[in-house]
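Encoded as structure tokens, the structure appears first; notes follow it.
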């Protein structure tokens, strides 16, 4: 007999099949960061399909993939968030030393983007034979 507060649902076969396919495919990645991100994304998508999304811990915007984030500040302090929307995630990433997203053994670290990086002038000019170089 199921009680009124029993929220457990059966997992539809196609959701479970997609998740298992990602688990099997993740073994092909040589770079562990890509493998871990694929596993995190896949698990979060499965949770979304079963339970719905969440709310950003900072701005309360809707978040599809609920993945906990730990932000390490330049002064050494850390902040833990249940989940962040893309805008708040990128803001925290820009202002912190690193952002760690982790669920179980799967862990992905992000560092601030390097905006304004010097690019050699050769990379900015069209190459011979390229589509942009032909007139």
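Residue numbers (the numbering used here): 2 to 136.
Note that CB positions come from ideal geometry on N, CA and C, so glycine has one too.
Item: Along the chain, where does the beta strand (DSSP E) that runs through residue 106 open and close?; Value: That residue, residue 106, is in no beta strand (DSSP E); it is neither H nor E in DSSP.
Item: Below 8 Å between beta carbons: does that hold for residue 62 and residue 86?; Value: yes
Item: Rounded to the nearest angstrom, what separates residue 66 and residue 58 at their Cα positions?; Value: 13 Å
Item: Taking Cβ to Cβ, would you say residue 69 is nearer than 8 Å to residue 96?; Value: no
Item: Using DSSP bridges, identify the partner residues of residue 73.; Value: 79 and 99
Item: Suppose you measure from the CA of residue 82 to the CA of residue 116; what does that come to, to the nearest Å?; Value: 25 Å
Item: So what does DSSP say about residue 20, is it helix, strand or coil?; Value: helix
Item: One question on the structure: do residue 111 and residue 94 come within less than 8 Å of each other, judged by their Cβ atoms?; Value: yes
Item: Which one or two residues does DSSP pair with residue 110 in a beta bridge?; Value: 101
Item: Whole angstroms is fine: what's the gap from residue 73's alpha carbon to residue 100's?; Value: 6 Å
Item: From residue 71 to residue 107, what does the alpha carbon distance come to, in whole angstroms?; Value: 14 Å
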